[in-house]
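J.:
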Amino acid sequence: MQPKLGTNEEHARCSYLLDTNNAHRRRDMNDVEKARNRLLIALFVDSHRPERRHLSREELQTEYFLTLDTPLFNSLAKELREAGLIKTYCRGNY
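Here is the structure:
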């Protein structure tokens with residue numbers, strides 16, 4: 185279920201996305217920040233599809249041209265899950 189516009193949950197989610205995506209303006213952005221931004225963009229784009237999907241790391245890599253190794257993907261997924269931005273489901277080994 186998508187948060188309703190104007191709610192605290194939607195505001196927190198948008199604030200997190202803006203804060204994270206504004207990191208691209210810094211010159212010293214490291215590889216983890218770049219990977220986080222690419223993953224957030226892919227998840228944001230996919231969230232606007234008419235059907236609900238639960239994507240694995242492999243599917244995200246194929247459809248959105250992401251190159252994330254398993255440990256980095258797992259740590260980013262954990263960070264986003266703890267921030268309340270995504271729900272992760274175990275699909276295969278990732």
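In this text, residue positions in the sequence shown follow the working numbering: the first is 185, and each later residue adds one. Heads up, the beta-carbon is just placed ideally off N, CA and C, and yes, glycines get one too.
1. According to DSSP, is A218 part of a helix, a strand, or is it coil?
2. Assuming L250 and R222 make a contact with CB atoms under 8 Å, what is their CB distance in whole Å?
3. Can you find the residues in the same chain that come closer than 6 Å, C-beta to C-beta, to I270, ignoring five residues on each side of it along the sequence?
4. Can you give the Cα-Cα distance for E235 and S259, rounded to whole angstroms?
T.: In brief:
1. Within the sequence shown, the letter at position 34 stands for residue 218. A small fix is needed here, since residue 218 is Lys in this sequence, not Ala. K218 sits in a helix when the DSSP states are folded into three classes.
2. Within the sequence shown, the letter at position 66 stands for residue 250. Within the sequence shown, the letter at position 38 stands for residue 222. Rounded to whole angstroms, the Cβ separation of L250 and R222 is 6 Å, and the two are in contact under 8 Å.
3. Sequence index remark: in the sequence shown, residue 270 carries index 86 (1-based). Answer for I270: L264, listed in chain order.
4. Counted from its first residue, the sequence shown places residue 235 at position 51. Counted from its first residue, the sequence shown places residue 259 at position 75. If you take the alpha carbons of E235 and S259, they lie about 26 Å apart.
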